[in-house]
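Presented below is the structure to which this report refers.
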Amino acid sequence: MSIINFKRKINTGIILAAGSGSRFHTNIPKQFFKLAGRFLIEYSIDTFEKCDLVDEIIVVIPSGYETKINELIEKNSWKKIRNIIFGGDSRAASTKAALNSLKENKTEVDNVIIHDAARPLLTSSVLVRCIEKLNTCQAVDVVVPAIDTIVEVTSSDEVKSIPDRNLLRSGQTPQGFHKQLIFEAYKKADLNNLDGITCDCSLLKREFPEIAIATVEGDNSNIKITNPIDLFIAEKLIQSHRTRISSKKEFKSLKNKVIVIFGGSYGIGSSIAEIAKKEDAFVEIASRSINNIDINQPELVNEFLSKIQEKYKKIDFIINTTGILIKKHIKDQTIEEVSTTISTNLTSAINLAKISYLYLKMSRGCLVNFSSSSYTRGRSSYATYSATKAAIVNFTQAIAEEWNSEGIRVICISPERTRTPMRVRNFGEEDKNTLLDPKNVAYTTLSAMTSSLSGIVVDARRN
Ligand code: CTP
Ligand code: MG
Numbered sequence: 098m099s100i101i102n103f104k105r106k107i108n109t110g111i112i113l114a115a116g117s118g119s120r121f122h123t124n125i126p127k128q129f130f131k132l133a134g135r136f137l138i139e140y141s142i143d144t145f146e147k148c149d150l151v152d153e154i155i156v157v158i159p160s161g162y163e164t165k166i167n168e169l170i171e172k173n174s175w176k177k178i179r180n181i182i183f184g185g186d187s188r189a190a191s192t193k194a195a196l197n198s199l200k201e202n203k204t205e206v207d208n209v210i211i212h213d214a215a216r217p218l219l220t221s222s223v224l225v226r227c228i229e230k231l232n233t234c235q236a237v238d239v240v241v242p243a244i245d246t247i248v249e250v251t252s253s254d255e256v257k258s259i260p261d262r263n264l265l266r267s268g269q270t271p272q273g274f275h276k277q278l279i280f281e282a283y284k285k286a287d288l289n290n291l292d293g294i295t296c297d298c299s300l301l302k303r304e305f306p307e308i309a310i311a312t313v314e315g316d317n318s319n320i321k322i323t324n325p326i327d328l329f330i331a332e333k334l335i336q337s338h339r340t341r342i343s344s345k346k347e348f349k350s351l352k353n354k355v356i357v358i359f360g361g362s363y364g365i366g367s368s369i370a371e372i373a374k375k376e377d378a379f380v381e382i383a384s385r386s387i388n389n390i391d392i393n394q395p396e397l398v399n400e401f402l403s404k405i406q407e408k409y410k411k412i413d414f415i416i417n418t419t420g421i422l423i424k425k426h427i428k429d430q431t432i433e434e435v436s437t438t439i440s441t442n443l444t445s446a447i448n449l450a451k452i453s454y455l456y457l458k459m460s461r462g463c464l465v466n467f468s469s470s471s472y473t474r475g476r477s478s479y480a481t482y483s484a485t486k487a488a489i490v491n492f493t494q495a496i497a498e499e500w501n502s503e504g505i506r507v508i509c510i511s512p513e514r515t516r517t518p519m520r521v522r523n524f525g526e527e528d529k530n531t532l533l534d535p536k537n538v539a540y541t542t543l544s545a546m547t548s549s550l551s552g553i554v555v556d557a558r559r560n
């Protein structure tokens, strides 16, 4: 009887983050730029850290970023990072430096999985697909079908050939290799001649053309941040990602969390409360109708929060769903109506953030603001409301950055037209099929709250 040894392979991830980002046109390398409140480099390290198949991680950085990376390790409580090393003049030189450091490492590594820190939106499923393929192949590239027709040109920019698009793919990362193979390829390679070498698979192909490199399917969202516009696209992709997970209906991590909801007596706030209570969170509601707490009165807000803090010894989430909408042509809005709208929707939200800061700093918690889909484009008949909702988005982004180093997250939910009492009051009965259910907005909110994202505007839309 033969015994099959199912010992799992040891996988080492290499995160390449030593580039200078010349096409990004800034002094700071792009991987140390913020995307939705976190540094770009944090995303891919986090995906590797959280992947059960990854045993250890080597991070390759430019010199001068040692302190920064150590701060991020501490902040995120990453446990898998074995080595932090400095990169070389080219991407290949950076890979080589990482491989060299691996040699000195005692671990018996089987596979090496190399990833660009400039691809923050790598999903765990793509990473797992790449690693699992190494059970049957020596080398794996992650690709997606080419979208554009690719034109090969001559040195004088004339069309030389137009290869069949059906056989073309766009290469992404990660790329995975049996350790020995990638070591041999780099040993053989002359790094002074890197013509056409943009990734580790192309280096392997040059050195050992006879070795088959398998492909697995990547993801169109796994874009590489190269030019400034890519950061904008990535931000939008993150938002739509969050929306897609709004179908998530279980939030186990909310157990024993303390959640304070301002404006939680009806509509979206009360839906959030209902779901969170089912998950065994402690929910406290502040509203004018329930306990006379008017968000426009900072002393009352402060008193309420300090009581909650005393009761539970912590506050994990503070959610502000209050807001008013007065639907009138601007010429007909009274000075009082304008000022109440601004004060309730904006001034009080700013004051709430100021008051919440201390509590959330202690818990490393999260503040949740509410905007509306009108933030991207002001709407006629409720111009003042639209303007305050745009301001809330801007305010969220600003304090998310300010509070990031203290570990406080700040997010903003931007629901489409939702069937709330406020909506019905202003717009009358509308076709139900055109409105979002407050419950679905609540699910989206809870998904975003329980993620690790910050500084982000999450669009809640009907599917
Ligand atoms: N990289 C690296 N060491 C280098 C060059 C690149 O570790 N000497 C990394 C980058 O940090 C990035 C990945 O390789 O995560 C892909 O490279 P690219 O997108 O080309 O980034 P940069 O080289 O930084 O950008 P540019 O080419 O615009 O200068
Ligand atoms: Mg480059």
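In the working numbering, the protein residues as written are 98 to 560.
Note that beta-carbon positions come from the ideal geometry of N, C-alpha and C, so glycine has one too.
Can you have a look at Thr-542 and say buried or exposed, based on whether 16 or more other CB atoms are within 10 angstroms of its CB? Sequence index remark: in the sequence shown, residue 542 carries index 445 (1-based). The residue is buried, with at least 16 neighbouring Cβ atoms inside 10 Å.
Three-way DSSP call (helix, strand, coil) for Leu-533 in this model: Translated into positions along the sequence shown, residue 533 becomes position 436. Residue state, collapsed to three classes: strand.
Please check the pair Val-237 and Arg-266, which I expect to be a contact at CB under 8 angstroms, by giving their CB distance rounded to whole angstroms. Residue 237 sits at position 140 when you count from the first residue of the sequence shown. Residue 266 sits at position 169 when you count from the first residue of the sequence shown. Actually they are not in contact, since the Cβ atoms of Val-237 and Arg-266 sit about 13 angstroms apart, beyond 8 angstroms.
Can you grab the Cα-Cα spacing for the pair His-122 / Ala-189, in whole Å? To locate residue 122, count along the sequence shown from 1; it is residue 25. To locate residue 189, count along the sequence shown from 1; it is residue 92. So the alpha carbons of these two residues sit roughly 22 angstroms apart.
For the alpha helix (DSSP H) holding Leu-402, just list the boundary residues, first then last. Start at 1 with the first residue of the sequence shown, and residue 402 comes out as number 305. Boundaries of the alpha helix (DSSP H) around Leu-402: 395-409.
Please confirm whether any heavy atom of the ligand MG lies closer than 6 angstroms to the CB of Gly-116. Working through the sequence shown from its first residue, we reach residue 116 at position 19. Yes.
Are the beta-carbon atoms of Asp-207 and Ile-107 separated by less than 7 angstroms? On the sequence shown, position 110 is the one that residue 207 refers to. On the sequence shown, position 10 is the one that residue 107 refers to. In this structure, Ile-107 lies closer than 7 angstroms to Asp-207 by Cβ.
If distances are taken between C-alpha atoms only, which option among Ile-170, Cys-234, Ala-133 comes closest to Asp-58? Beyond the ends of the chain as shown, which are 98 and 560, falls residue 58; an answer cannot be given.
Rounded to whole angstroms, what is the Cα-Cα separation between His-324 and Ile-553? Along the sequence shown, one-based indexing puts residue 324 at 227. Along the sequence shown, one-based indexing puts residue 553 at 456. As written in the sequence, residue 324 is Asn, which differs from the His given in the question. Rounded to the nearest angstrom, the two C-alpha atoms are 21 angstroms apart.
Given a threshold of 16 other Cβ atoms within 10 Å of its Cβ, counted over all protein chains shown, does Ala-133 qualify as buried or as exposed? Counting from 1 along the sequence shown, the entry for residue 133 is found at position 36. That one is buried.
Among Ile-111, Ile-112, Pro-126, which residue has its Cα nearest to the Cα of Gly-118? Locating residue 118 in the sequence shown gives position 21, counting from the first residue. Minimum Cα distance to Gly-118 is reached at Pro-126.
Taking 6 angstroms as the line, does the beta carbon of Val-157 fall inside it for any heavy atom of the ligand CTP? Position 60 of the sequence shown, counting from 1, holds the residue named residue 157. Yes, the ligand CTP has a heavy atom inside 6 angstroms of this Cβ.
Coarse secondary structure for Asp-297, derived from DSSP in three states: Position 200 of the sequence shown, counted from the start, is the residue given in the question as residue 297. The answer is helix: DSSP assigns Asp-297 an H, G or I state.
Host alpha helix (DSSP H) of Thr-438 (start-end): The count along the sequence shown starts at 1 and reaches residue 438 at position 341. First-last of the alpha helix (DSSP H) with Thr-438: 432-439.
Spatial neighbours of Ser-471 within its chain, please: CB distance less than 6 angstroms, with the 5 preceding and 5 following residues excluded, ordered by chain position. The count along the sequence shown starts at 1 and reaches residue 471 at position 374. Shown here for Ser-471: same chain residues with a beta carbon closer than 6 angstroms to its own, the five before and five after excluded, namely Ser-483, Lys-486 in chain order.
How far does the beta strand (DSSP E) with Cys-148 in it extend, from its first residue to its last? Within the sequence shown, numbered from 1, the residue matching residue 148 stands at position 51. Where Cys-148 is concerned, there is no enclosing beta strand (DSSP E), given that its DSSP letter is neither H nor E.
Leaving out the 5 sequence neighbours to the left and right, which residues in its chain are closer than 7 angstroms to Lys-458 when beta-carbon positions are compared? The residue labelled residue 458 in the question sits at position 361 within the sequence shown. Result list for Lys-458: Glu-503, Ile-505, in chain order.
Flag Ala-214 as yes when its Cβ comes closer than 6 angstroms to any non-hydrogen atom of the ligand CTP, and as no otherwise. For the purposes of this step, residue 214 is taken as residue 117 along the sequence shown, with counting starting at 1. Yes; taking the cut-off as 6 angstroms, the Cβ of Ala-214 has a heavy atom of the ligand CTP nearer than that.
Could you tell me whether the Cβ atoms of Ile-565 and Ile-111 are closer together than 7 angstroms? The question about residue 565 has no answer here: the residues shown for the chain are numbered 98 through 560.
If you measure from the CB of Arg-135, is any heavy atom of the ligand CTP nearer than 6 angstroms? On the sequence shown, residue 135 is found 38 positions in, with the first residue counted as 1. Every heavy atom of the ligand CTP is 6 angstroms or more from the Cβ of Arg-135, so no.
For Val-256, count neighbouring Cβ atoms within 10 angstroms of its own Cβ and tell me buried if that reaches 16, exposed if not. Counting from 1 along the sequence shown, the entry for residue 256 is found at position 159. Flag for Val-256 reads exposed.
Taking only runs that begin and end inside the segment 222-290, name each unbroken alpha helix (DSSP H) of 4 or more residues, in chain order. If we require 4 residues or more, the alpha helix (DSSP H) runs fully inside the segment 222-290 come out as 276-285.
Might you give, ordered along the chain, the residues of its own chain that have their beta carbon closer than 8 angstroms to the beta carbon of Thr-340, omitting 5 neighbours on each side? In the sequence shown, the residue the question calls residue 340 occupies position 243. Its pLDDT being 46, under 50, Thr-340 is placed unreliably in this model, and the coordinates cannot settle the point.
Among the candidates Lys-321, Asp-327, Ala-286, Cys-234, whose CA atom is the shortest distance from the CA of Thr-312? Position 215 of the sequence shown, counted from the first residue, corresponds to residue 312. For Thr-312, the nearest C-alpha among the options comes from Cys-234.
Quick check on Asn-388: does DSSP put it in helix, strand or coil? Here residue 388 refers to the residue found at position 291 of the sequence shown. Helix.
Identify, in the order they occur along the chain, each residue of the same chain with its Cβ nearer than 6 angstroms to the Cβ of Leu-288, setting aside the five sequence neighbours on each side. For the purposes of this step, residue 288 is taken as residue 191 along the sequence shown, with counting starting at 1. Result list for Leu-288: Ala-189, Ala-190, in chain order.
Assigned secondary structure, Gly-364 (DSSP; H/G/I helix, E/B strand, else coil): As a position in the sequence shown, residue 364 is number 267, starting the count at 1. Of the three classes helix, strand and coil, the one that applies to Gly-364 here is helix, per DSSP.
Selection from Ser-403, Gln-128, Gly-273 that minimises the alpha carbon distance to Leu-150: Walking along the sequence shown from the start, residue 150 turns up at place 53. When only C-alpha atoms are compared, the closest one is Gly-273.
Secondary structure at Ile-142, three-state DSSP: helix, strand or coil? Working through the sequence shown from its first residue, we reach residue 142 at position 45. If DSSP states are grouped into helix, strand and coil, Ile-142 belongs with the helices.
On the DSSP letters alone, give me the boundaries of the beta strand (DSSP E) that Val-380 sits inside. Your numbering for residue 380 matches position 283 in the sequence shown. Taken as a continuous stretch (DSSP letters only), the beta strand (DSSP E) holding Val-380 covers 379-383.
Go through its chain and collect everything with a Cβ distance to Cys-298's Cβ below 8 angstroms, but skip five positions before and after it. Stepping through the sequence shown from its first residue, residue 298 is reached at position 201. Around Cys-298: Ala-236, Asp-238, Gly-268, Gln-272, Ile-310.
Should Gly-161 be listed as close to the ligand CTP, given that the test is whether its C-beta is under 6 angstroms from any heavy atom? As a first step, residue 161 is located in the sequence shown; it is residue number 64 there, counting from the start. No, the ligand CTP has no heavy atom inside 6 angstroms of this Cβ.
Quick one: is the Cβ of Met-459 within less than 6 angstroms of any heavy atom of the ligand GDP? The ligand GDP is not part of the structure shown, which contains the ligand CTP and the ligand MG as its ligands.
Are the Cβ atoms of Leu-113 and Asp-213 separated by less than 7 angstroms? For the purposes of this step, residue 113 is taken as residue 16 along the sequence shown, with counting starting at 1. For the purposes of this step, residue 213 is taken as residue 116 along the sequence shown, with counting starting at 1. Yes, they are a contact pair.
Could you spell out the range, first to last residue, of the beta strand (DSSP E) harbouring Asn-442? The residue labelled residue 442 in the question sits at position 345 within the sequence shown. Element bounds for Asn-442: n/a, residue is neither H nor E.
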